[in-house]
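J.:
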Amino acid sequence: MNDAIELAQYGAERGEVPVGAVLVHENEVIGRGFNEPIGRHDATAHAEIVALRDACQRLHNYRLPQQTTLYVTLEPCTMCIGALIHARVNRLVYAAFEPRAGMVNSQINLPTQPFYNHSIQVQQGLCAEHSSQMLKTFFHQRRQAAKKNKSALTPP
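Shown next, in the form of structure tokens:
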């Protein structure tokens, strides 16, 4: 999870929402990613998707090896859960809850739905406080910058 947190911070430094993801198989990192929708001009470039693409390219396969774990700093959304299921990720470990768009526990538990042909073991809360604080700080700074820009544009 520490690697995912470092990736999230790296993304934040580039103006992206600080979410990082790392795929691990047999104690070896096989894929990494951080949120990049702004930089890549790609709405699907969430940290989880970027990490999956990285791993699949390295492995030359769209399905990951059995017993692959994804560590991610924020509860995944619908799109990311779907991709994790299709890639056959075995285990998901996420840090912070995402109350609006989280699809593991916050809104609905998608990984356990019976209509999927694959299920994912889930563990939540690892480094949750650190990840939550990173997100709060990022959005606070973004709001402050927006206020500053707005006041600079307001005529005297």
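Counting from 1, one number per residue, gives the positions in the sequence shown under full-length UniProt numbering.
Beta carbons are placed, not taken as given, at the ideal position from N, Cα and C, and that holds for glycine.
All of these numbers come straight from a predicted model, not from anything done at the bench.
1. Quick one, which of N149, E16, R143 and I120 has its alpha-carbon nearest C80's?
2. Out of curiosity, what's the CA-to-CA distance linking A101 and Y10?
3. Take P99 as the anchor and find which of G82, L135 and L92 has the nearest alpha-carbon.
4. Classify R88 as helix, strand or coil using the three-state DSSP reduction.
5. Would the segment 106-114 count as touching the segment 46-53 if we require 3 or more Cβ pairs under 8 Å?
6. In three-state DSSP terms, what is R32?
7. Taking its Cβ as the centre, do 16 or more other Cβ atoms sit within 10 Å of F115, making it buried, or is it exposed?
8. Buried or exposed: G125, going by 16 or more other Cβ atoms within 10 Å of its Cβ?
9. Three Cβ pairs or more, each shorter than 8 Å: is that satisfied between the segment 38-50 and the segment 14-22?
10. May I ask you to check if the CB of T137 is nearer than 7 Å to at least one heavy atom of the ligand NAD?
11. Would you check if the distance between the CB atom of S131 and the CB atom of A95 is smaller than 8 Å?
12. Span of the alpha helix (DSSP H) holding A101?
13. Below 8 Å on the Cβ atoms is my guess for V19 versus N35; work out the distance and round it to an integer in Å.
14. Identify, in the order they occur along the chain, each residue of the same chain with its Cβ nearer than 8 Å to the Cβ of R91, setting aside the five sequence neighbours on each side.
15. Smallest Cα separation from P65: which of F139, V104, A4 and E28?
16. Work out the CA separation of V22 and A128 for me, nearest whole Å.
T.: In this structure, then:
1. I120
2. 23 Å
3. L135
4. coil
5. no
6. strand
7. exposed
8. exposed
9. yes
10. No copy of the ligand NAD appears in this structure; indeed no ligand is present at all.
11. yes
12. Segment: none, A101 is in no alpha helix (DSSP H) and carries neither H nor E.
13. 4 Å
14. Q67, T68, T69, L70, I120, Q121, V122 and Q123
15. E28
16. 16 Å
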